[in-house]
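Only one structure is covered here, and it is reproduced in the block below.
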Amino acid sequence: MDVSTEVPHRVEVYPDREVVVEFDPDLTFECVDDCTWCCHHGVLLYDRDLLELAQRANLAENTTDFRGEKFVTREAKDREDHVAEDGCACAFLREDGLCSLHLEEDWKPTRCSVFPLAVWREDGDLHVDIRDSAHDHCDGLNVSERKVVDNLEAFLPELLWDLENPDSDREL
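Using the working numbering, read the sequence shown as starting at 22 and increasing by one per residue.
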């Protein structure tokens, strides 16, 4: 993948599916042990995620409606660290700090795959940047050799291009 060093710039992620990249192409990301910051918030579920989740968990017990959208519920955790200020985190975050959906089901909701990126549509184009809050809280930025721009297909499931509003700034 030929990547321009100019920001913003276009990158083809899938055939005929480009994004406008708004972050430094040298930025790296890799999840690090004991960092569950991204699991503190309710995870927005797109329609296709709901169908996938229904095959793996009880939707009535594990989802909630907020402002007309479905989210994974947050619940109190016994952990003292790596939870939100209210002591809660994603219902699928295990006590060992790992995700039961990812580890036991080999699946992640779209919003979990997207993290730490911010995604939005502007003038018909899909744009990606690093979430502002990730710069402050995510321990996985710039700690590895894995360049985000070279691995966009791992962060950006194809369904994002089909969504009317993929805006990743919606939270529970």
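C-beta: ideal position from N, C-alpha, C; glycine also. This one's a predicted model, so the numbers in the text were calculated from it and none came from an experiment.
Runs of beta strand (DSSP E) with 3 or more residues, each lying fully within the stretch 93-117, are found at 95-97, 109-111, listed in chain order. The beta carbon of Ala105 sits closer than 7 Å to those of His61, all from its chain and outside the five residues before and after it, given in chain order. Nearest C-alpha to Asp68 among Asp55, Cys59, Gly89: Gly89.
The alpha-carbon separation between Val42 and Glu96 amounts to approximately 34 Å.
Around the CB of Ser165, fewer than 16 other CB atoms lie within 10 Å, so the residue is classed as exposed. Three or more Cβ pairs closer than 8 Å define a contact, and the stretch 105-124 meets that threshold against the stretch 45-61. Taking every protein chain shown into account, the CB of Asp117 has fewer than 16 other CB atoms within 10 angstroms, so this residue is exposed. Here the C-alpha atom of Glu192 lies approximately 9 Å from the C-alpha atom of Phe87.
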